[in-house]
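Enquirer: Below are the structure tokens for one structure; questions will follow.
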């Protein structure tokens, strides 16, 4: 038996042991706050037409209400956080990715909708390790394609 | 023998030396070129189309509104070591965060007509937020 043939099973064994010792060190966690917002429902709101009562009927109770002079602004939001960690005792790695769906609707003094500002990103949250590029265009487009109402 | 020592040594060392590499990402960075899509005097609609929904909104003391978009991309690398000398443990630690360790953001100030009055961007802590209108008692 050559040296190479003797080394190969030993290397395989070492790789298997390494994989087995690392596997229990992986930790994944997910946290959500509020229900994700519906992009289709938000797009249906019409500035100049919709009233505060109609907006509340569609989106529910806002998270926050901010008075701005005679205007007012309502905030709706939902957050998703994904945590991945690798605990290798002497060296530990962790990654936290938190993104939100957030909608601000602005009303005039007669409670008529004037502006809508919307961001839908909670579905783009990813499990990753510190070196990963979680904000790449490709990755975000891929996530958008899977969420209803996000297609152009 | 060497392999067994290699496996046991890190476990023994873990009691006094630890390294870490952590990354925290809150929200998405402002898209490239987004700030060029509106200017002083632009309608708020153009701002929302470029930047999406702000993280925070408040009423300014002089009228109008302040809108803030914030994101955080903190990276932490560090090594910590502990050595016991006499009866008191000495805990030297070495750590640093990179340039993205601060919360970055954009602040847009709107006048009473909801038109852009001023745009500030950079580290959120250095944007010097204008005073809020105090809440009614």
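Chains as they are written, first to last, in the numbering used here: chain S, 297 to 448; chain H, 29 to 165. Beta carbons: idealized from backbone N, C-alpha and C, even for Gly. Just so we're clear, the structure is a prediction, and the values are computed from it rather than from any experiment.
Taking 9 Å as the CB-CB cut-off, is residue 436 of chain S touching chain H?
Expert: Taking a beta-carbon distance threshold of 9 Å, residue 436 of chain S counts as an interface residue toward chain H.
Enquirer: Measure the CB-CB distance between residue 55 of chain H and residue 395 of chain S and report whether it falls below 9 Å.
Expert: yes
Enquirer: Can you confirm whether the stretch 61-75 of chain H touches the stretch 143-162 of chain H when touching is taken to mean that 3 or more C-beta pairs between the two stretches lie within less than 8 Å?
Expert: Enough Cβ pairs lie closer than 8 Å, so yes.
Enquirer: State the start and end residues of the unbroken alpha helix (DSSP H) segment that holds residue 350 of chain S.
Expert: 348-355
Enquirer: Quick check on residue 344 of chain S: does DSSP put it in helix, strand or coil?
Expert: coil
Enquirer: Does DSSP put residue 154 of chain H in a helix, a strand or coil?
Expert: Under the three-state reduction of DSSP, residue 154 of chain H is assigned to helix.
Enquirer: Expressed to the nearest angstrom, what Euclidean distance is found between the alpha-carbon atoms of residue 128 of chain H and residue 411 of chain S?
Expert: Summary for residue 128 of chain H: the model assigns pLDDT 45, below 50, so the residue's position carries little reliability; its value from the coordinates is reported in the next sentence. Distance between the alpha carbons of residue 128 of chain H and residue 411 of chain S: 32 Å.
Enquirer: Could you give the C-beta distance for residue 439 of chain S and residue 400 of chain S, rounded to a whole number, given that I count them as a contact under 8 Å?
Expert: Rounded, the Cβ-Cβ distance is 23 Å, inconsistent with contact.
Enquirer: Using the Cα positions of residue 336 of chain S and residue 380 of chain S, report the straight-line distance between them to the nearest angstrom.
Expert: 31 Å
Enquirer: Rounded to a whole number of angstroms, what is the C-alpha to C-alpha distance between residue 355 of chain S and residue 348 of chain S?
Expert: 10 Å
Enquirer: Using a Cβ-Cβ cut-off of less than 9 Å, give me the residues of the stretch 397-421 of chain S that come near chain H, in sequence order.
Expert: For the stretch 397-421 of chain S, which is checked against every Cβ of chain H, the residues closer than 9 Å are 397, 398, 399, 400, 402, 410, 411, 412, 413, 414, 415, 416, 417, 420.
Enquirer: May I ask you to list the residues that DSSP assigns as paired with residue 389 of chain S?
Expert: For residue 389 of chain S, which the question treats as bridged, DSSP gives the partners S:382, H:49.
Enquirer: For residue 128 of chain H, name the three-state secondary structure that DSSP assigns.
Expert: Legend: pLDDT at residue 128 of chain H = 45, less than 50; position of this residue unreliable, value from coordinates given subsequently. The answer is helix: DSSP assigns residue 128 of chain H an H, G or I state.
Enquirer: Relative to the alpha-carbon of residue 350 of chain S, which residue among S:309, S:313, S:310, S:403 has its alpha-carbon at the smallest distance?
Expert: S:403
Enquirer: For the beta strand (DSSP E) that residue 142 of chain H lies in, which residues bound it at each end?
Expert: From DSSP, residue 142 of chain H is part of no beta strand (DSSP E); its letter is neither H nor E.
Enquirer: Would you list the one or two residues that DSSP bridges to residue 363 of chain S?
Expert: S:368
Enquirer: For the stretch 353-367 of chain S against the stretch 416-427 of chain S, are there 3 or more C-beta pairs whose distance is under 8 Å?
Expert: no
Enquirer: Would you mind sorting residue 361 of chain S into buried or exposed? The rule is 16 or more other CB atoms within 10 Å of its CB.
Expert: Residue 361 of chain S is exposed by the Cβ-count criterion.
Enquirer: Counting only beta-carbon separations shorter than 9 Å, does residue 426 of chain S have a partner in chain H?
Expert: yes
Enquirer: Can you check whether the CB of residue 313 of chain S is closer than 9 Å to the CB of residue 468 of chain S?
Expert: A query on residue 468 of chain S cannot be resolved here, the shown segment of chain S reaching from 297 to 448 and no further.
Enquirer: Do the CB positions of residue 99 of chain H and residue 136 of chain H come within less than 9 Å of each other?
Expert: no
Enquirer: In whole angstroms, what separates the C-alpha of residue 97 of chain H from that of residue 134 of chain H?
Expert: 5 Å
Enquirer: Run through DSSP, which three-state label would residue 410 of chain S get?
Expert: strand
Enquirer: Under 8 Å Cβ-Cβ, which residues of chain H neighbour residue 363 of chain S?
Expert: 87
Enquirer: Terminal residues of the continuous alpha helix (DSSP H) containing residue 74 of chain H?
Expert: 72-79
Enquirer: Compute the distance between the beta-carbons of residue 81 of chain H and residue 413 of chain S, then report whether it is under 9 Å.
Expert: yes
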